[in-house]
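If you use full-length UniProt numbering, the sequence shown closes out at 674, no skipped numbers anywhere.
Below you'll find the structure, written out as C-alpha cells, and then a few comments.
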Amino acid sequence: MPSYTVTVATGTQWFAGTDDYVYLSLEGTEGCSERHLLDKPFYNDFERGAVDSYDVTVEEDLGEIQLIKIEKRKYWYQDDWYLKYITVKTPMGDYLEFPCYRWITDEKEIVLRDGRAKLPRDDKTQILKQHRRKELETRQKMYRWKEWHPGFPLSIDAHSHSDLPRDIQFDNEKGIDFILNYSKAMENLYINRFMHMFQSSWSDFADFERIFVRISNTISEYVMQHWKEDFMFGYQFLNGCNPVLIRRCTEIPKKLPVTRDMVECSLERNLTLEEEVKQGNIFIVDYELLDGVDANKTDPCTIQYLAAPICLLYKNLENKIVPIAIQLGQKPGPDNPIFLPSDATYDWLLAKIWVRSSDFHIHQTVTHLLRTHLVSEVFSIAMFRQLPAVHPLFKLLVPHMRFTIAINTKAREQLICECGLFDKANATGGGGHVQMVQKAMKDLTYSSLCFPEEIKAKGMDSREDIPYYYYRDDGIKVWEAIKSFTEDVIHIYYESDEVVCEDVELQAFIKDIYVYGMRGVKASGFPKTIRTREKLAEYLTVVIFTTSAQHAAVNFGQYDWCSWIPNAPPTMRHPPPTEKGTVTIEQIVETLPDRGRSCWHLGAVWALSQFQDNELFLGMYPDEHFVEKPVKEAMAKFRKNLDEIVTAIAERNRNKKLPYYYLSPDRIPNSVAV
C-alpha cells in the first residue's frame, strides 16, 4: 500500500506546542485518506520547536496531493498550537511543502494548500476554488472594518488586544503593555522618583539633566550640548525624527510679512530675500494644521498651550540650513511678532522652542500615527480580507503586516484612548490629536506616500543643492531596492498587464483600501483599480516602504532627538510671547513641561524607540510562505541590494558626530510593530 511521510514543524514561540489530540488527512486528485491520529496527550510530540515525522499509509494512490486537513481536539484545557509547516514525501519520492504559520486554537480544522503561489485564474478544480472562496469568507467575518473616530481611516473591529484573531496577536501581550513598558522605562532611566511631580517646575536648563541619561557618544547627548544652536535647529528638519515637513519656498506667503530689512543680516550672498527665494536658497516649514486645535484640558491644575508657527529657513554658504525668521501664529499682527536671530537671545530661543514643540506634535500624530500606523493597519486589514494565503501578494506582504493590527489595537486600548497615557504629558492629548488626524486626512494622498514623488513635490530632490539630506538619500536607495524586488516577484506571477486586470482578488484588495482606508475620497488619489504591472509594482512598493522604512525613519530616532526635553517639549505651560524683549530664562523654564510630564515624555520616547524582541529586519523572511526557486532567488537579490545599502551608509557615517542610520536596512523592521 502507498505510504506518505509527513513531517510537521511546530513554532518556537512560548507555549507554541500542544498536548491535544491532532488528526491529519490528505486529499488528492484521486481520492482522500482516512483521518490519522498524529498526536495525543502525553506523547510529547508537537512540543515547542519540534519537527516530528509520521508515515501515513493509504489503501490506494491519492494522485496529486491538493489539500491537507489538520484537526485538533481538546484534551483537558485550551492548548493553542502554532503550526509552522508540513512537508509530504510522496510514494514517488517527491516533496511537497504546505506552509501554515498560524495558530490552531480551540477544536478547529484548518485546511492547507501546498506552498506554490497561485492566482485565482490558476485554480482549475472546484475543490481548490471552493477552498479559496471559503478562506476569504471566514477571514472577512474575522477582520471587520470599524470607524474609531469620524473621518479617520477605518480600523479593525476589536475593543482590545484579546479580541483580535489569535494569528495576529502578539506572542506575549505583556511585552507590548504600554503602561508597563512606560513605567519600566522610567525605572530603567532612574526617573521614577519624578513621575508624579506634576506642576513642579525645573529650576533651570541644567536641572533637566537630572532626568537625562548620558550614553557615551550618542546623538541624544550631542543634542543636549548643541540644541540652542541654529545649525542644530535647522539640521533636524533634514535628518531628525520628523524630516518630512521642510519644503523649498517658492514665494514668501502673505501671512508671513517678512521684509528684506528683517533678514538682511542673515543672508550671506549679497542678495535680497526675493533673489534668494528665486535661487532656491529659502525653505519653509508651516505648522498651519495646529491652528485651531484644542489644547489638553484634562488637568485643571495645568493650563496647556499650542501654537501654529511658520518658520523660514536659509541655506547658507556652508550648505547648512538655518532659521532666519519665526512667526508663532498664522495671522500676522502687532501681537504676533516675527522673531529673528538678531533679537534678544531668550526671545529667539523661546521662539525656536515653540517650533520644536509644534514639530513634536505634528510628528507624533500625523507623521507617525496617521501616516505609518493607521495607514499600515488599513493595508493589513485589506490584505487579510481580500487575499487568500495561496495568493502571491499575500505571501509577499504578510511579513510586512506582522503585529501591526495588534500594536494599533493596544494603542487604542491604552495610549491614545480617552484618558490614556497620551493625555498625561502631551498638549494635544484630551482630543487635540483626534482633531489633528481629521484635519491631516486631506493631505494623505497616494502620491504623498510615493517617496521619490513626495520629495520632488517639496522641491527637496536635488542632492547638489541640498547635500546633507540623508533621509532623502537613504530613503531613495531603500525605495528603489523594494521596487526592484516587487517588480521581480510580479513578473514571476503576472505575465502581462491583462493578468493584473483579471486578478479579482487583487482588485478587491485595492478597492478595500480606497473605500475603507481612504473613505472613498477621490481627492486622495488612491487608485480604485490597478491595470498594469508597472503600477502594481509601485503600489506594492508604497505598501512595503510605508510599513517598514517610513515607520523606521520616523519612529526609532525619538529617544535620540526628543529625550532632551527643551528640544522637543510635549507641552507648553505658558502662551506664546506676543511681544519682544520680555522673555527671561525663568519664563522659559516655567513654560517648559513640569517634572512629572517630563518624566512621562522621557519614558514614552525611550519605550517607542526600542526594537521588539526577536525583531525581523527588512529582507528577513524566516517564514517560508514562498517555496518556488525564482522567488527565493528574487529574495536573495533583494537582500544583496540591501546589504550594499547598509555598507554604503556605514561608510558615510564613519567618524560623523551626527550619524544618520534610521534608514539603514539592518535597522528597518519589516513591519510596524512598536
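C-beta: ideal position from N, C-alpha, C; glycine also.
Query raised in the report: What is the DSSP secondary structure of F626, counted as helix, strand or coil?
Result: Correct three-state label for F626: coil.
Report task. Would you please state the rounded distance, in angstroms, between the beta carbons of V378 and G517? I believe it to be under 8 Å. Result -> About 3 Å; that satisfies the 8 Å criterion.
Query raised in the report: Whole beta strand (DSSP E) runs in the stretch 269-307 with 3 or more residues, listed along the chain?
Result: The qualifying runs are 282-286.
Report task. Would you decide whether T571 is buried or exposed? Buried here means 16 or more other CB atoms lie within 10 Å of its CB. Result -> If you draw a 10 Å sphere on the C-beta of T571, you find 16 or more other C-beta atoms in it, and that means buried.
**Report entry** CB-CB length for I303 against C249, believed under 8 Å
**Finding:** About 34 Å separates the two Cβ atoms, so there is no contact after all.
Query raised in the report: Do you know how far the Cα of H400 is from the Cα of V672?
Result: Near 8 Å, if we compare the C-alpha coordinates of H400 and V672.
Report task. Between the Cα of K255 and those of F205, Q330, Y314, C311, spot the shortest distance and give me the residue it belongs to. Result -> Comparing Cα positions, the closest option is Q330.
Query raised in the report: CB R356 to CB A568, shorter than 7 Å?
Result: Between R356 and A568, the C-beta gap is smaller than 7 Å, which places the two residues in contact.
Query raised in the report: Which first and last residues belong to the beta strand (DSSP E) in which T5 is found?
Result: From DSSP, the beta strand (DSSP E) with T5 extends over 3-10.
Requested in this report: Note down, in chain order, each residue of its chain lying with its Cβ closer than 8 Å to the Cβ of V375, except the 5 sequence neighbours on either side.
Outcome: Taking V375 as the centre and dropping the five residues before and after it, the same chain places the C-beta of P153, L444, L449, G517, T546 closer than 8 Å to its C-beta, in chain order.
Query raised in the report: What is the DSSP secondary structure of F617, reduced to helix, strand or coil?
Result: In the structure shown, F617 sits in a strand (DSSP, three-state: E or B).
Query raised in the report: Among residues of its own chain, excluding the 5 on either side of Q13, which ones have a beta-carbon nearer than 8 Å to its beta-carbon?
Result: R48, Y82, D171, listed in sequence order.
Query raised in the report: Count the other CB atoms within 10 Å of the CB of F403; is the residue buried (16 or more) or exposed (fewer)?
Result: Residue burial is scored here from C-beta neighbours: F403 has at least 16 other C-beta atoms within 10 angstroms and is therefore classed as buried.
Report task. Determine the direct distance from the alpha carbon of G28 to that of I104, and round the result to whole angstroms. Result -> Between I104 and G28, the C-alpha separation is close to 23 Å.
Query - Alpha-carbon to alpha-carbon, H574 and H601 - result: The straight-line gap from Cα to Cα measures roughly 18 Å.
Query raised in the report: With 16 as the cutoff for other CB atoms within 10 Å, does G430 come out buried or exposed?
Result: The residue is buried, with at least 16 neighbouring Cβ atoms inside 10 Å.
**Report entry** Where P452 falls: helix, strand or coil (DSSP)
**Finding:** Of the three classes helix, strand and coil, the one that applies to P452 here is helix, per DSSP.
Query - Cβ neighbours of Y167 in the same chain (closer than 8 Å, five flanking residues each side left out) - result: Checking the displayed sequence, the identity of residue 167 turns out to be Asp instead of Tyr. The residues are R102, W103.
Query raised in the report: Mapping DSSP to helix, strand and coil, what is N653?
Result: In the structure shown, N653 sits in a helix (DSSP, three-state: H, G or I).
Query raised in the report: Is it buried or exposed for T529, if we count other Cβ within 10 angstroms and need 16 for buried?
Result: When all chains shown are included, T529 counts as exposed.
Requested in this report: Out of N670, I585, T10, L37, state which residue places its alpha-carbon closest to the alpha-carbon of T345.
Outcome: When only C-alpha atoms are compared, the closest one is I585.
Query raised in the report: Do P388 and E628 have their C-beta atoms within less than 7 Å of each other?
Result: Between P388 and E628, the C-beta gap is not smaller than 7 Å, which leaves the two residues out of contact.
Requested in this report: Could you round the C-beta distance between A552 and Y469 to whole angstroms and report it? I think they count as a contact, below 8 Å.
Outcome: Actually they are not in contact, since the Cβ atoms of A552 and Y469 sit about 17 Å apart, beyond 8 Å.
Query raised in the report: Alpha carbon to alpha carbon, what distance is there between V366 and S408?
Result: According to the sequence as given, residue 408 is Asn; it is not Ser. Cα to Cα, N408 sits roughly 15 Å from V366.
Requested in this report: Could you tell me the distance, in whole angstroms, from the CA atom of P392 to the CA atom of F626?
Outcome: Whole-angstrom Cα-Cα distance: 8 Å.
Requested in this report: Return the first residue and the last residue of the beta strand (DSSP E) that P99 is part of.
Outcome: P99 -> beta strand (DSSP E) spans 95-104.
Report task. Compare the Cα-Cα distances from I219 to each of D666, K656, P669 and report the closest residue. Result -> Comparing Cα positions, the closest option is K656.
Query raised in the report: By Cβ distance, which residues of its chain are closer than 6 Å to F509, with the 5 residues on each side in sequence left out?
Result: Its chain contains A382, Q386, L387 as the residues whose beta carbon lies nearer than 6 Å to that of F509, once the 5 sequence neighbours on both sides are disregarded; these appear in chain order.
Query raised in the report: Assuming Y4 and K89 make a contact with CB atoms under 8 Å, what is their CB distance in whole Å?
Result: Y4 to K89, Cβ: 7 Å. Contact.
Query raised in the report: Counting only runs that start and end within the stretch 313-387, where is the alpha helix (DSSP H) found for 4 or more residues in a row?
Result: With a minimum length of 4 residues, the continuous alpha helix (DSSP H) runs that stay inside the stretch 313-387 are 345-362, 375-386.
Query raised in the report: With 7 Å set as the bound, which would you pick, yes or no: does the beta-carbon of T272 sit closer than that to a beta-carbon of chain D?
Result: Given the protein chain composition of this structure (a single chain), no chain D is represented.
Query raised in the report: Where does I252 fall in DSSP's three states?
Result: Coil, per DSSP.
Query raised in the report: What are the boundary residues of the beta strand (DSSP E) that includes H36?
Result: Per DSSP, the unbroken beta strand (DSSP E) holding H36 starts and ends at 36-39.
Query raised in the report: Which residue from I65, E538, N614 puts its Cα closest to that of T125?
Result: Checking every option, the nearest Cα to that of T125 belongs to I65.
Report task. Could you check how far apart the C-beta atoms of P120 and V646 are, in whole angstroms? I think they sit under 8 Å. Result -> With a contact defined as Cβ atoms closer than 8 Å, P120 and V646 miss out at about 38 Å.
Query raised in the report: Apart from the five residues just before and just after D79, which ones in its own chain have a Cβ nearer than 7 Å to its Cβ?
Result: Within the same chain, D79 has close Cβ partners T18, D19, D20.
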